[in-house]
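A short worksheet on the structure shown next.
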Ligand code: GDP
C-alpha cells in the first residue's frame, strides 16, 4: 500500500501528462528546472529543499534531452536519497518499562497513533500500558480508552483536570509493577497556550526522570502531513519543549501534499518511525522511502 500524495498521478506526471512517459524527450534546461522547482514547492517541499532536489537533478545533465520517465526516475532518486537516512522504526531498548512520550498539537492524530502503536507492539509480543496524559480534555481521555480497548491494552487515567505529571509518575510505578515492556504516555497539545504547555511537558519529563533518569526513552512528535509547511513550525516549537527523538506522519492517505516529509527530512533529519494511512487501527505503516518517492514523483 503506497502512501497517497494527494495528486492523481505524481508530480512529474502532472506536469507533462501521464502518457508522454517514455516517448517524448525534453531538454533539461533552465525553464524546465524552474517548472520542476515550482512543482516541488506546490507539493509543500519548501524552497530550499526544492532547489536542492532540482540542482541535484541538473548536475551534469543541463542541455541533455531526457524522457519524462527519466525525469521521474531522477527526481525519485533524489527524493529517496534525502529520505533514506530518516526511515527508521522506533528503536526498542532492553530497559523496561520503555517510556514513550507522545507529543503533538491537538488534532494531529496523537490518540489514534497511540492506539495503532499499542496494537503493533502488542502484536510483536510486547506488553503495553497507555497513560492518558491529556487530563484536561475529557473527550481525549475517552477516545484513548476506546483505542486502548481496540488494541486490548490498559489505559491509565486520572480525574479531569488533575496533574498530568503525577499521572505519568503513577503510570510508571504501575507499568513497572506489572512488568510492562512499554509505557505510551499521551500529552496535551494546546499550542494556543504555549507557555503552559511547555511547563506541563517539562514537569512530566522531570517527574518521569525521578523514577528513571534515562526516561523518556523516546519522544515521538505526531505531525499531520496535511498541514503542509506548518509541520516545520511544529517541529521547531516542540523541539523547544522536549527532546523529540522521532516523528510519526499522519494522514498521508488524505489530501496531503507529501512533499513536506522531504522538507522535514532535509531540514531536521529526524527519523520518521511510521506513517498513518487511515483512521483504522491497522492503518499505520513503516515508512518506505522508495515507495514514497515513486508515489510523489511518478
Ligand atoms: P489528537 O487530537 O491529536 O489526539 O488526534 P486524533 O487521534 O483524535 O485524530 C484527529 C482526527 O484525525 C480523527 O478524526 C482521526 O480519525 C484522524 N486521523 C488520525 N490519523 C489519521 C490518518 O493517518 N489518516 C486519516 N485519514 N485520518 C487520521
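In the UniProt record's numbering, the protein residues as written are 97 to 394.
Where is the CB? At the ideal position from N, CA and C, for every residue including glycine.
Here the structure is a predicted model, which is why all the values come from computation and not from measurement.
To which residues of the same chain is residue 395 closer than 6 Å at the C-beta, ignoring the five residues directly before and after it? Residue 395 lies beyond the stretch modelled for the chain, which goes from 97 to 394, so this question has no answer here.
Do the segment 229-245 and the segment 381-394 make contact, defined as three or more Cβ pairs closer than 8 Å? no
In the segment 113-149, which residue ranges form an unbroken beta strand (DSSP E) of at least 3 residues, counting only runs that do not cross its ends? 121-123
Just the Cα atoms here: how many angstroms apart are residue 108 and residue 390? 10 Å
Sequence-distant residues of the same chain with beta carbon closer than 7 Å to residue 289, five excluded per side: none
Per DSSP, residue 194 forms a beta bridge with which residues? 278
Report whether the distance from the Cβ of residue 205 to the nearest heavy atom of the ligand GDP is below 6 Å. yes
Close Cβ partners of residue 305 (< 8 Å) along its chain, the five nearest in sequence each way excluded: 311
In angstroms, rounded to a whole number, what distance separates the CA positions of residue 199 and residue 362? 21 Å
To the nearest angstrom, report how far apart residue 325 and residue 141 are at their CA atoms. 8 Å
Between residue 46 and residue 355, which are expected to be in contact by the criterion C-beta below 8 Å, what is the C-beta distance as a whole number of angstroms? Missing from the structure shown is residue 46; the chain here goes from 97 to 394 and no further.
Considering only DSSP beta bridges, list what residue 183 is partnered with. 368
DSSP three-state call for residue 172: helix, strand or coil? helix
Counting only the same chain and skipping the five closest in sequence on each side, list residues whose C-beta sits under 7 Å from that of residue 358. 141, 145, 175, 178, 179
Residue 394, DSSP secondary structure in three states: coil
Please report the residue range of the alpha helix (DSSP H) in which residue 333 lies. 326-337
Residue 195 vs residue 276 beta-carbon contact at 7 Å: no
By alpha-carbon positions, which one of 221, 262, 279 ends up nearest to residue 296? 262
Using a Cβ distance threshold of 8 Å, determine whether the segment 216-234 contacts the segment 247-264, with at least three qualifying pairs required. yes
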